[in-house]
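From first to last, the protein sequence lines are chains Y and C.
Under my numbering, the first residue of the first sequence is numbered 16, with each subsequent residue one higher.
Under my numbering, the first residue of the second sequence is numbered 16, with each subsequent residue one higher.
Positions of the beta carbon are idealized from the N, C-alpha and C atoms, including for glycine.
One structure below.
2 protein chains.
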Amino acid sequence: MIVTIIGTGLIGGSLAITLKERGFATKVIGVDLVQENLHKALRRKIIDEAASLAEAIVVSELIILAIPVDAMLKVLPQVMDLVDQQIVMDVGSTKVAILQQIAHHPKRAQFVATHPMAGTEYSGPESALPDLFDHKCAVICEVEKSSTKAHRLIKQLYQSLQMRLIYLTAAAHDMHTAYISHISHISSFALALTVLEKEDEEERILELASGGFSSTVRLAKSNPKMWIPIFEQNRENVLEVLDEYLKNLQQFRDLLANKDFGNLAQLIRKANDIQKILK
Amino acid sequence: MIVTIIGTGLIGGSLAITLKERGFATKVIGVDLVQENLHKALRRKIIDEAASLAEAIVVSELIILAIPVDAMLKVLPQVMDLVDQQIVMDVGSTKVAILQQIAHHPKRAQFVATHPMAGTEYSGPESALPDLFDHKCAVICEVEKSSTKAHRLIKQLYQSLQMRLIYLTAAAHDMHTAYISHISHISSFALALTVLEKEDEEERILELASGGFSSTVRLAKSNPKMWIPIFEQNRENVLEVLDEYLKNLQQFRDLLANKDFGNLAQLIRKANDIQKILK
Numbered sequence: 016m017i018v019t020i021i022g023t024g025l026i027g028g029s030l031a032i033t034l035k036e037r038g039f040a041t042k043v044i045g046v047d048l049v050q051e052n053l054h055k056a057l058r059r060k061i062i063d064e065a066a067s068l069a070e071a072i073v074v075s076e077l078i079i080l081a082i083p084v085d086a087m088l089k090v091l092p093q094v095m096d097l098v099d100q101q102i103v104m105d106v107g108s109t110k111v112a113i114l115q116q117i118a119h120h121p122k123r124a125q126f127v128a129t130h131p132m133a134g135t136e137y138s139g140p141e142s143a144l145p146d147l148f149d150h151k152c153a154v155i156c157e158v159e160k161s162s163t164k165a166h167r168l169i170k171q172l173y174q175s176l177q178m179r180l181i182y183l184t185a186a187a188h189d190m191h192t193a194y195i196s197h198i199s200h201i202s203s204f205a206l207a208l209t210v211l212e213k214e215d216e217e218e219r220i221l222e223l224a225s226g227g228f229s230s231t232v233r234l235a236k237s238n239p240k241m242w243i244p245i246f247e248q249n250r251e252n253v254l255e256v257l258d259e260y261l262k263n264l265q266q267f268r269d270l271l272a273n274k275d276f277g278n279l280a281q282l283i284r285k286a287n288d289i290q291k292i293l294k
Numbered sequence: 016m017i018v019t020i021i022g023t024g025l026i027g028g029s030l031a032i033t034l035k036e037r038g039f040a041t042k043v044i045g046v047d048l049v050q051e052n053l054h055k056a057l058r059r060k061i062i063d064e065a066a067s068l069a070e071a072i073v074v075s076e077l078i079i080l081a082i083p084v085d086a087m088l089k090v091l092p093q094v095m096d097l098v099d100q101q102i103v104m105d106v107g108s109t110k111v112a113i114l115q116q117i118a119h120h121p122k123r124a125q126f127v128a129t130h131p132m133a134g135t136e137y138s139g140p141e142s143a144l145p146d147l148f149d150h151k152c153a154v155i156c157e158v159e160k161s162s163t164k165a166h167r168l169i170k171q172l173y174q175s176l177q178m179r180l181i182y183l184t185a186a187a188h189d190m191h192t193a194y195i196s197h198i199s200h201i202s203s204f205a206l207a208l209t210v211l212e213k214e215d216e217e218e219r220i221l222e223l224a225s226g227g228f229s230s231t232v233r234l235a236k237s238n239p240k241m242w243i244p245i246f247e248q249n250r251e252n253v254l255e256v257l258d259e260y261l262k263n264l265q266q267f268r269d270l271l272a273n274k275d276f277g278n279l280a281q282l283i284r285k286a287n288d289i290q291k292i293l294k
């Protein structure tokens, strides 16, 4: 099957590598507004050829959109207008806004809304990885509005990536991801800022940083071009989670300020329960 | 050299394994109030024998204290009272309170205050690792109050662990670690609480958790028996950093609430600078 991937960054590039490696795609055509990304992806043989949107769609059976979610709102309707019988899939990190955008499109049934829950703090085709998706989970939203044919193809695609499928409403997806992805990024961005501000005054603070700090702060390397549109489209959920996070931190602060170490220990034991769920 | 290690948990156990493996110690004697830890450490051959504090000290040249920092305040003076010519070293995560405790001890010069900046979210001898310290950095405090002989021995010890040495005042150490270790733990504990509270209402939230969330939250598995005494002894520094962290999070929140995505992007780009320092 010939697959077009729009956006040859971390996710698009990793999909290109893996879908060919696993035999799902026989050829991957890359489409990207950033010429440098296309050149890199071609040089590294991540994509087989580069083409314009219209040229690529005509010769493909499947079109995957792997672009930031603000660009998605603009490009997805264009793609839906251009396709004939082709199946279209997105991998955006938000779902409500994207699905609203094509809710009444005459070819809505040819589209499947998905979100593979995988990534790193890096971006661009140079960050693409062949094993990024292995054994992680992918969310499919509003599957009842996709045709059986489209759904079947996308199931095969994710099976070839060795991903587990989970079905959610778009609203549930956006709320869940605010909790298990978006807030982690804000927590890391704020942690990086706190330490960097102090590093300006005091030298060598970061010289001492060990594994614990690095793992908590690594998401702070994430690209604002990807994350600002996510925060914009998922603003209400993110604000809700952020307020709960602030409340929990404030509770920690107050117990510490009041030297109430008994209740502080109880709070930590409650937090320890995360190990029952995350191995 | 025969070495006594008081506290056979993650750090003490890892020291025992590595100091023997690298040829620094010919024999390691374990001392632990928790009999189960001693049994585990013996069964796994992490220590060569178990003994009481007084028995172990008599036959050793070096005594290392690797116990929670509240126990340290009690046990360190006992050890200093018991030693004859032996060298004593601690590996506690706080330094001001510990050094105050033995500031005027007649054998102060035989003691070297250190903190190897290495660890994991796990505890107990079963978590001990042979490569925990490799290429990380160890802090030595108030070295001017240690004898040349004691300092030389501890330098050799950390060289055998392949650690880089950094010299700081106790006050600077406690401030630096509040920034690059203690706040990361609070950030993770609060994140775990936020998500666990929501998990109670809504199922499957954590099913979607991928690498980003796991790395931000992994420190939330850390043991309160170790961390409460650290927060207690380093309370003022931790409160200061926590207030700055809360301020940065609040700024994020306000920009998001006000839909000021331009300034939010600028804040993220500032946070991205962490990648220039942390690889």
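For residue 102 of chain Y, the uninterrupted beta strand (DSSP E) segment begins and ends at 102-105. According to the DSSP assignment, residue 18 of chain Y belongs to the beta strand (DSSP E) that extends over 17-21.
In the DSSP assignment, residue 73 of chain C falls within the unbroken alpha helix (DSSP H) covering 68-74.
Straight across, the Cα-Cα distance linking residue 63 of chain C with residue 129 of chain C is about 24 Å. In the three-state reduction of the DSSP assignment, residue 282 of chain Y falls in the helix class. The continuous stretches of beta strand (DSSP E) do not include residue 133 of chain C, and DSSP gives it neither H nor E.
Check the Cα spacing between residue 226 of chain Y and each of C/55, C/132 and C/45: the tightest is with C/132. Within a 10 Å sphere around the beta-carbon of residue 191 of chain C sit 16 or more other beta-carbons, which makes this residue buried. Annotation: residue 113 of chain Y to residue 188 of chain Y spans about 12 Å, alpha carbon to alpha carbon. Put simply, of C/127, C/41 and C/203 the residue whose alpha carbon is nearest the alpha carbon of residue 260 of chain Y is C/203. For residue 38 of chain C, the number of other beta carbons within 10 angstroms of its own is below 16, and it is reported as exposed. If you ignore the 5 residues before and after residue 138 of chain Y, its C-beta comes within less than 7 Å of the C-beta of 24, 25, 238 and 241, all in its own chain and listed in chain order. In its chain, beyond the 5 residues on either side, no residue has a beta carbon closer than 7 Å to the beta carbon of residue 51 of chain Y. Residue 272 of chain Y counts as exposed, since fewer than 16 other C-beta atoms from the protein chains shown sit within 10 angstroms of its C-beta. Rounded to the nearest angstrom, the gap between the Cα atoms of residue 81 of chain C and residue 181 of chain Y is 45 Å. The bridge partners DSSP lists for residue 42 of chain Y are Y/17.
Within the stretch 92-122 of chain Y, contact with chain C at the beta-carbon level (separation under 9 Å) is assigned to no residue. Contact annotation: residue 21 of chain Y and residue 43 of chain Y have beta-carbon atoms that are not nearer than 7 Å. At a cut-off of 7 Å between beta-carbon atoms, residue 150 of chain C makes no contact with chain Y. Taking C-alpha positions only, residue 294 of chain C is separated from residue 142 of chain Y by approximately 14 Å.
Judged by pairs of C-beta atoms under 8 Å, the stretch 28-37 of chain C does not touch the stretch 93-104 of chain C, as fewer than three such pairs exist. Per DSSP, residue 79 of chain Y is one residue of the beta strand (DSSP E) stretching across 77-80. Scanning chain Y for C-beta atoms nearer than 9 Å to the C-beta of residue 287 of chain C yields 204, 207, 235, 236, 237, 238 and 239, reported in chain order.
For residue 213 of chain C, the nearest CB of chain Y lies under 7 Å from its own CB, placing it at the interface with that chain.
Neighbours of residue 231 of chain C in chain Y, taken as residues whose beta carbon is under 7 Å from its own, are 199, 202, 203, 231 and 234 in chain order.
Residue 222 of chain C reaches chain Y at 152 and 181, counting residues in chain order whose Cβ is nearer than 8 Å. Burial is judged here by how many other beta carbons sit within 10 angstroms of a residue's own beta carbon; residue 136 of chain Y has at least 16 and is buried. Shortest Cα-Cα distance from residue 200 of chain Y to any of Y/223, Y/235, Y/176 and Y/218 involves Y/235. Between the C-alpha atoms of residue 77 of chain Y and residue 67 of chain Y there is a straight-line separation of about 15 Å. Proximity of residue 45 of chain C to chain Y, defined by a Cβ-Cβ separation below 7 Å, is not satisfied.
Neighbours of residue 252 of chain C across chain Y, judged by C-beta separation under 7 Å, do not exist; the nearest C-beta is about 11 Å away. In the structure shown, residue 65 of chain Y falls within a strand segment according to DSSP collapsed to helix, strand and coil. Secondary-structure assignment with DSSP links residue 181 of chain C through a beta bridge to C/154.
Contact between the stretch 207-217 of chain Y and the stretch 268-284 of chain Y is absent: fewer than 3 CB-CB pairs across the two stretches fall below 8 Å. At a Cβ-Cβ threshold of 7 Å, residue 102 of chain Y and residue 165 of chain Y count as neighbours. If only uninterrupted alpha helix (DSSP H) runs of at least 4 residues are considered, those enclosed by the stretch 233-290 of chain Y are 239-248, 250-272 and 276-287.
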